[in-house]
Amino acid sequence: ASNIDWWRGATIYQIYPRSLMDSNNDGIGDLPGIISKLDYIASLGVDAIWISPCFKSPMKDFGYDISDYRAIDPIFGDIDDFDQLIEKAHALGLKVMIDQVLSHTSDQHKWFAESRQDKINPKADWYVWADPKPCGAPPNNWLSIFGGPAWQWDSRRRQYYLHNFLTSQPDLNFHNPEVQQAVLDNIEFWLQKGVDGLRLDAITFCFHDQQLRDNPAKPENERAGRGFSEDNPYAYQYHYYNNDRPENIVFIEHLRALLNRYPGSVSLGEIASEDSLATMAEYTKGNNRLHMTYSFELLTPDFSVEYVRNTVETLENSLGDGWPCWAVGNHDVSRVVSRWAGNANSEAFSKMVTAMLCSLRGSVCLYQGEELGLCESEVPYEALQDPYGIEFWPTFKGRDGCRTPMPWHDDCVNGGFTKGKPWLPVSPAHLTKSVKNQERVTNSVLNTYRQFMKWRKEQPALVTGALEFLPISNEVLVLKRKSACGQQVLACFNFTNSNKQLDLGELSVVKNITPSNFEHSSIEFNEVSLKPFGVFFGLL
Ligand code: TEU
Ligand code: CA
2 ASNIDWWRGA TIYQIYPRSL MDSNNDGIGD LPGIISKLDY IASLGVDAIW
52 ISPCFKSPMK DFGYDISDYR AIDPIFGDID DFDQLIEKAH ALGLKVMIDQ
102 VLSHTSDQHK WFAESRQDKI NPKADWYVWA DPKPCGAPPN NWLSIFGGPA
152 WQWDSRRRQY YLHNFLTSQP DLNFHNPEVQ QAVLDNIEFW LQKGVDGLRL
202 DAITFCFHDQ QLRDNPAKPE NERAGRGFSE DNPYAYQYHY YNNDRPENIV
252 FIEHLRALLN RYPGSVSLGE IASEDSLATM AEYTKGNNRL HMTYSFELLT
302 PDFSVEYVRN TVETLENSLG DGWPCWAVGN HDVSRVVSRW AGNANSEAFS
352 KMVTAMLCSL RGSVCLYQGE ELGLCESEVP YEALQDPYGI EFWPTFKGRD
402 GCRTPMPWHD DCVNGGFTKG KPWLPVSPAH LTKSVKNQER VTNSVLNTYR
452 QFMKWRKEQP ALVTGALEFL PISNEVLVLK RKSACGQQVL ACFNFTNSNK
502 QLDLGELSVV KNITPSNFEH SSIEFNEVSL KPFGVFFGLL
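Heads up, the final residue of the sequence shown is numbered 541 in the UniProt record's numbering, and it's a clean run with no missing numbers.
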């Protein structure tokens with residue numbers, strides 16, 4: 002890939018800044034902490050970092066509620082730290098992507114303070130305001146993802162405002178062209194600082210139906226939501242009218258035109274919509290929309306050869322020339338080792354799942370801690386921080402279990418993350434998996450991850466090659482990648498925790514190229530032998 006196309010097939014390491022490394026012992030990770038760990042991150046062999054929001058915020062949703070889009074929150078550092086971070090990352094060959102939360106601001110943003118004053122101020126129409134129904138009820142049945150109605154009464158304006166997320170996250174009114182321009186200006190501020198890309202938070206939520214029509218109810222058999230608590234009524238509706246509006250596309254095209262003025266800068270849209278596969282295709286179609294869309298499909302509880310194959314195939318078929326980005330974990334869902342493997346044989350599983358993810362066509366986001374094979378942390382109710390978890394406890398325990406601090410050294414207090422009181426407890430189960438411990442072991446999850454990332458870069462078929470699944474087993478995922486220059490790689494991933502034999506039939510493997518740190522797999526007379534959660538790579 003040429004330099005400007007660096008993002009195709011790239012591996013992007015997601016940093017949750019509160020939990021990577023605390024430099025000043027106030028218990029919260031920060032930018033100097035990230036800077037001190039950039040050498041470590043570069044040693045993983047990833048291409049880029051994506052930093053979850055580090056902008057000024059009252060932290061009601063831990064940074065996803067922004068009160069000043071051009072300032073770093075003092076808890077994380079200042080703008081000089083940010084400049085240094087970019088400089089050092091670039092020197093290490095890492096691209097830097099920032100998180101942009103456009104659909105809503107914090108209620109502490111000065112735009113909202115102005116907008117809520119009255120109905121005639123210059124920003125009166127910057128948010129989504131609506132009169133109550135004659136009985137005083139909210140204007141329609143829209144719901145907040147985090148519980149309760151999507152409307153909050155404002156006693157000063159004597160109107161309701163829309164919030165798809167927390168009441169402290171009022172939705173901007175993107176139908177107003179001034180709002181669009183203000184948002185693009187803020188983005189340009191960061192592009193001028195040299196960031197290489199944007200992860201666009203909840204990008205399908207920017208626009209709402211101006212007629213404020215009620216969302217239709219969902220039949221019971223369609224309610225299985227991703228990450229939603231069963232008792233979250235949000236899962237009981239379709240959301241045609243509060244998000245995923247056609248107007249989104251036009252805005253995306255403006256955004257792309259801005260990015261095109263900064264060659265090499267990319268956009269990765271988080272597509273959390275009902276019909277996400279079709280939406281992903283729409284959002285990446287042609288060369289004038291998003292570069293990549295972030296899929297939720299592997300963040301679900303579903304884990305089987307059939308599920309992964311069908312999901313990826315369906316997306317590939319609908320995507321056309323669009324480019325997907327895959328992830329099996331992030332700061333919103335439980336850790337993949339726990340979610341998909343119930344913590345069984347977690348080391349072998351972690352190695353396999355990373356190799357599998359990085360063998361799909363597209364780019365990938367790897368969440369901090371996955372390189373250590375971390376399991377979901379048990380966070381007791383008293384220590385909960387996530388408002389979403391507090392709302393729906395205990396049917397949904399929230400998102401704190403995947404947000405606990407990184408374990409660096411198991412012989413230091415709090416795993417070496419902080420000498421203060423960490424904002425979330427360091428999981429005792431994570432200590433033996435600390436970076437320091439794993440660095441000592443040749444075939445640890447960490448060292449396997451490093452070896453694999455380095456090796457993958459040398460296999461053009463795995464970086465940008467075409468993908469084809471071979472439906473020869475329901476227990477082993479088998480796929481083929483073929484690069485433009487003709488390299489053909491066969492990859493097999495054992496999705497079970499037991500030994501598997503696989504007959505490759507007509508296929509002839511020229512060479513076993515499986516990196517040495519994986520559990521040993523072998524091939525004899527076209528029969529591949531895989532260890533529990535084992536992997537096999539062969540040249541065709
Ligand atoms: O998430 C968008 C989103 O749709 C989430 O509600 C997701 O479905 C949920 O968290 C799954 O458990 C983004 C961010 O990733 C999330 O952390 C923020 O809370 C949210 O936007 C609001 O900004
Ligand atoms: Ca700190």
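The C-beta atom is built at its ideal place from N, Cα and C for all residues, glycine as well. Keep in mind it's a predicted model, so treat the numbers as computed, not measured.
query	result
Whole-Å CB distance - Met-98 paired with Arg-19, under 8 Å assumed	The pair is not a contact, with the Cβ atoms about 18 Å apart (cut-off 8 Å).
Nearest candidate by alpha-carbon position, reference Ser-58, set His-240, Leu-163, Ile-50 and Ser-169	Ser-169
Sufficient close CB pairs (3 or more, under 8 Å) joining the segment 369-376 to the segment 433-447	yes
Contact under 7 Å by Cβ, Trp-409 with Val-436	yes
Counterpart residues of Ser-523 in DSSP-defined beta bridges	Ser-530
Contact belief for Tyr-90 with Ser-364 at Cβ below 8 Å, rounded distance in angstroms	Looking at the sequence provided, one finds Ala at residue 90 rather than Tyr. With 8 Å as the limit, Ala-90 and Ser-364 do not qualify as a contact, their Cβ atoms being about 17 Å apart.
Top-ranked residue by Cα proximity to Leu-21, from Gly-539, Phe-418, Glu-520 and His-164	Phe-418
Close Cβ partners of Gly-370 (< 7 Å) along its chain, the five nearest in sequence each way excluded	Met-407
Within 7 Å, strictly: CB atoms of Leu-213 and Pro-140	yes
Residue interval of the beta strand (DSSP E) (run including Phe-538)	536-540
Test: Gln-369 CB closer than 7 Å to a CB of chain E	The structure shown contains no chain E; it is built from a single protein chain.
Inter-residue Cα distance where the pair is Val-510 and Glu-271	38 Å
Distance CB(Lys-455)-CB(Glu-469) smaller than 7 Å	no
Phe-418 beta carbon near ligand 1 (any heavy atom closer than 6 Å)	no
Contact the segment 126-134 vs the segment 72-92: 3+ CB pairs below 8 Å	no
Range covered by the beta strand (DSSP E) that runs through Gln-101	96-102
Three-state secondary structure (DSSP) of Met-60	coil
Pair within 7 Å by beta-carbon distance, Leu-531 and Lys-501	yes
Distance between beta carbons of Leu-32 and Cys-55, contact taken as under 8 Å	6 Å
Assigned secondary structure, Gly-198 (DSSP; H/G/I helix, E/B strand, else coil)	strand
Integer-rounded CB distance, given that Asn-495 should sit under 8 Å from Gln-15	Actually they are not in contact, since the Cβ atoms of Gln-15 and Asn-495 sit about 26 Å apart, beyond 8 Å.
Three-state class that DSSP yields for Lys-512 in the structure shown	strand
Local Cβ density within 10 Å of Leu-478, reported as buried at 16 or more and exposed below that	buried
Stretch pair the segment 260-271 + the segment 418-432: three plus CB contacts closer than 8 Å	no
Other residues of its chain near Met-281: CB distance less than 6 Å, five sequence neighbours each side excluded	Ile-272 and Thr-294
Whole-angstrom distance between Leu-540 and Leu-491, CA atom to CA atom	6 Å
Per-residue DSSP class, three states only, for Glu-110	Strictly speaking, residue 110 in this sequence is His, with Glu absent from that position. Three-state result, His-110: coil.
Leu-93, buried or exposed, once every other Cβ within 10 Å from all chains shown has been counted against 16	exposed
Cβ contact (3+ pairs, closer than 8 Å) linking the segment 307-326 and the segment 345-356	no
Asp-23 Cβ short of 6 Å to ligand 2 heavy atom set	yes
Assumed close pair Leu-256, Leu-185 - CB separation to whole angstroms, cut-off 8 Å	7 Å
Proximity test, Ile-29 beta-carbon vs ligand 3 heavy atom, cut-off 6 Å	No copy of ligand 3 appears in this structure; the ligands present are ligand 1 and ligand 2.
Nearest residue (CA-CA) to Ala-342, options Phe-393, Asn-187, Tyr-242 and Ser-499	Ser-499
Any non-hydrogen atom of ligand 1 within 6 Å of Ala-151 CB	no
Three-way DSSP call (helix, strand, coil) for Met-293 in this model	strand
Closest Cα partner of Arg-246 within the set Ala-258, Ala-236 and Phe-206	Phe-206
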